[in-house]
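Numbering (our numbering), first residue to last: 8 to 557. Note that beta-carbon positions come from the ideal geometry of N, C-alpha and C, so glycine has one too. So the structure is just underneath, and the comments pick up after that.
Pasting the structure below:
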């Protein structure tokens with residue numbers, strides 16, 4: 008199956024050249040001279056003054072892995088805002104991506120998992136962020152991974168369409184990567200999203216194979232083509248770029264640990280071995296959580312880590328760092344192109360991830376989709392016109408980000424559950440509003456009257472507390488001031504009985520919310536000021552460093 012994947016390994020990329028000849032060649036290959044009618048259409052006067060928006064979403068990246076991405080830090084973090092309390096509403100690829108595209112919680116769009124009966128086949132993408140932005144005159148582009156099973160499952164909006172070449176509504180330029188094509192392996196277009204050296208791209212309805220070229224390079228090449236088209240037009244544009252890195256993906260290689268890892272180009276292998284001496288979620292003692300008797304069965308039944316486990320998590324941590332650095336090199340090409348075209352100062356850039364990832368914490372060697380910070384806390388950076396430099400400690404979620412991008416474009420998402428972050432961008436504020444969490448387990452038969460079909464866990468996060476209820480009966484409550492590493496579940500403690508009742512009342516209020524009913528403030532007793540939220544956030548970061556190391 009993977010014979011073609013070993014055809015060629017990339018060498019180190021050359022520095023991006025900005026000569027007229029190179030730019031001319033790029034313009035010709037992008038086909039600027041062949042702009043379609045809808046791309047060259049007249050732009051409403053009010054739209055022409057709006058900023059461009061570039062959203063870059065990684066796959067399974069943790070908030071503490073930004074250290075391996077110097078270009079992202081230089082072009083985004085150092086020029087703008089770092090959100091220190093950013094969260095995936097559902098920490099799993101497919102549900103959270105559906106939430107970004109619609110601005111809706113998973114209990115409203117119903118994509119609880121990545122496999123059938125959920126996944127792409129359950130997603131209605133007839134009205135998304137793309138259709139909203141296109142409706143107000145922005146040029147819209149999509150590059151990279153879409154929802155899981157795109158290319159395999161029949162589109163819900165058009166069951167008669169061929170899955171691998173289907174182009175969802177709203178996109179002027181579509182460069183999505185199907186998970187599968189249905190073509191014979193001998194066909195050069197038979198690659199898939201999770202083949203790092205054999206990515207197939209659906210370019211506006213036509214499949215193009217890229218056997219031998221690393222996935223992050225393919226993503227950047229396609230993004231540059233779209234940017235070349237968009238920057239030649241007068242209309243503002245929105246480009247949504249989706250990286251596979253650092254998600255697991257083949258080909259598997261000699262020396263890989265028992266855990267699945269992301270493939271990387273040869274030139275980056277070993278780059279961080281001296282810096283990374285143990286798995287990110289493994290403390291110096293070697294035992295992430297000695298006592299798990301207070302945890303739900305999914306954690307309580309996990310064995311202690313042994314030496315083989317620790318070696319596996321170490322290798323996984325290193326390989327993820329390498330995949331992110333290889334991606335960062337490619338993102339640098341995109342940032343420099345925008346700078347060379349004079350577009351960087353007119354473009355708001357957002358960098359984030361669809362969810363986090365375990366690297367040993369709570370005895371979880373890998374994975375996500377659980378209500379612990381390594382799983383659902385994500386990086387979120389913003390830079391560009393109107394965005395100040397510094398950091399924010401107010402909460403930000405996936406659905407809030409969707410609402411923010413829509414507001415930047417002068418529109419809104421229909422039925423959106425999120426709240427625009429514009430006020431938090433302008434002024435640093437505390438944690439005063441409800442931040443909800445939910446996740447499924449892939450079963451369409453899991454039904455709890457209070458939870459609904461498919462939802463396995465739901466909860467509320469505040470500056471001080473993390474509260475979660477499970478469909479099968481377990482309850483977790485963590486005091487994030489005293490225990491930011493979530494090591495001691497105090498749900499059964501009489502000292503926290505009043506807090507538990509308060510949090511449960513808030514959760515009951517919003518668990519089935521939709522639209523404006525999701526955008527509610529916390530009770531005054533649970534609100535925390537900006538200065539106090541910043542102190543709690545700083546103390547939590549210090550506690551994590553003390554426990555897991557820097």
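Asked                                                                                                                                                                                                      : Found
What does the alpha-carbon distance come out to for the pair residue 542 and residue 350?                                                                                                                  : 37 angstroms
Look at the alpha carbon of residue 550 and the alpha carbon of residue 228, and state the distance between them as a whole number of angstroms.                                                           : 41 angstroms
Residue 93: buried (16+ other C-beta within 10 angstroms of its C-beta) or exposed?                                                                                                                        : buried
Within 10 angstroms of the Cβ of residue 316, are there 16 or more other Cβ atoms? Answer buried if so, exposed if not.                                                                                    : buried
Out of 104, 176, 489 and 235, which one is the CA nearest neighbour of residue 344?                                                                                                                        : 235
To the nearest angstrom, report how far apart residue 473 and residue 440 are at their CA atoms.                                                                                                           : 14 angstroms
Nearest by alpha-carbon distance to residue 303: which of 483, 489 and 524 is it?                                                                                                                          : 483
Hey, could you find the ends of the alpha helix (DSSP H) residue 249 is sitting in?                                                                                                                        : No alpha helix (DSSP H) holds residue 249; the beta strand (DSSP E) holding it covers 244-249.
Could you spell out the range, first to last residue, of the alpha helix (DSSP H) harbouring residue 342?                                                                                                  : 314-347
Leaving out five residues on either side along the sequence, give the residues of the same chain with a beta carbon under 6 angstroms from the beta carbon of residue 389.                                 : 87, 88 and 357
How would you call residue 406, buried or exposed, if buried means at least 16 neighbouring beta carbons within 10 angstroms?                                                                              : buried
Is the number of C-beta pairs between the segment 104-124 and the segment 304-324 that are closer than 8 angstroms three or more?                                                                          : no
Once DSSP output is grouped into helix, strand and coil, what is the label at residue 134?                                                                                                                 : coil
If you scan the segment 212-292 from start to end, which runs of the beta strand (DSSP E) of 3 or more residues do you find wholly inside it?                                                              : 213-215 and 244-249
Please go through the same chain and pick out, in chain order, the residues whose beta-carbon is closer than 6 angstroms to the beta-carbon of residue 290, but skip the five residues on each side of it. : 554 and 555
For the alpha helix (DSSP H) that contains residue 431, what are its first and last residues?                                                                                                              : 429-433
Could you say which of 77, 493 and 547 lies nearest to residue 296 if we only look at CA atoms?                                                                                                            : 493
Count the other CB atoms, across all protein chains shown, that sit within 10 Å of the CB of residue 531; report buried if there are 16 or more and exposed otherwise.                                     : exposed
Measure the Cβ-Cβ separation of residue 332 and residue 76 and say whether it is below 9 angstroms.                                                                                                        : yes
List, from N- to C-terminal side, the beta strand (DSSP E) runs of 3 residues or more that fit wholly inside the segment 80-145.                                                                           : 88-90
Return the CA-CA distance between residue 409 and residue 418, expressed in angstroms with no decimal places.                                                                                              : 11 angstroms
Would you tell me roughly how many angstroms separate the C-alpha atoms of residue 47 and residue 96, rounded to the nearest one?                                                                          : Unreliable positioning characterises residue 47 in this predicted model, as indicated by a pLDDT of 44, which lies under 50. The coordinate reading is nonetheless provided below. In a straight line, the C-alpha of residue 47 is about 37 angstroms away from that of residue 96.
What are the start and end residues of each continuous beta strand (DSSP E) run of 3 or more residues lying completely inside the segment 373-435, in chain order?                                         : 387-390 and 397-399
Across which residues does DSSP place residue 485 in a beta bridge pair?                                                                                                                                   : 473
Would the segment 367-385 and the segment 109-117 be scored as touching if the rule is three or more Cβ pairs under 8 angstroms?                                                                           : no
Taking C-alpha atoms, which residue in 134, 288, 171 and 216 lies nearest to residue 557?                                                                                                                  : 288
Just the C-alpha distance for residue 404 and residue 197, rounded to the nearest angstrom, thanks.                                                                                                        : 36 angstroms
Report all residues from its chain with a CB closer than 6 angstroms to the CB of residue 466; omit the five preceding and five following residues, and keep chain order.                                  : 378, 444, 474 and 475
Whose C-beta lies closer than 6 angstroms to the C-beta of residue 238 among residues of the same chain, with five residues either side of it excluded?                                                    : 348 and 350
Taking just the CA atoms, how far does residue 319 sit from residue 257?                                                                                                                                   : 17 angstroms
If you draw a straight line from the alpha carbon of residue 314 to that of residue 282, how long is it in whole angstroms?                                                                                : 20 angstroms
Please state whether DSSP places residue 296 in a helix, a strand or coil.                                                                                                                                 : coil
Taking the alpha carbon of residue 387 as the reference point, which residue from 242, 212, 127 and 402 has its own alpha carbon closest?                                                                  : 402
Give me the residue from 221, 151 and 133 with the minimum Cα distance to residue 233.                                                                                                                     : 151
Can you check whether the CB of residue 540 is closer than 9 angstroms to the CB of residue 400?                                                                                                           : yes
With distance defined between alpha-carbon atoms, name the residue in 72, 80 and 56 nearest to residue 342.                                                                                                : 80
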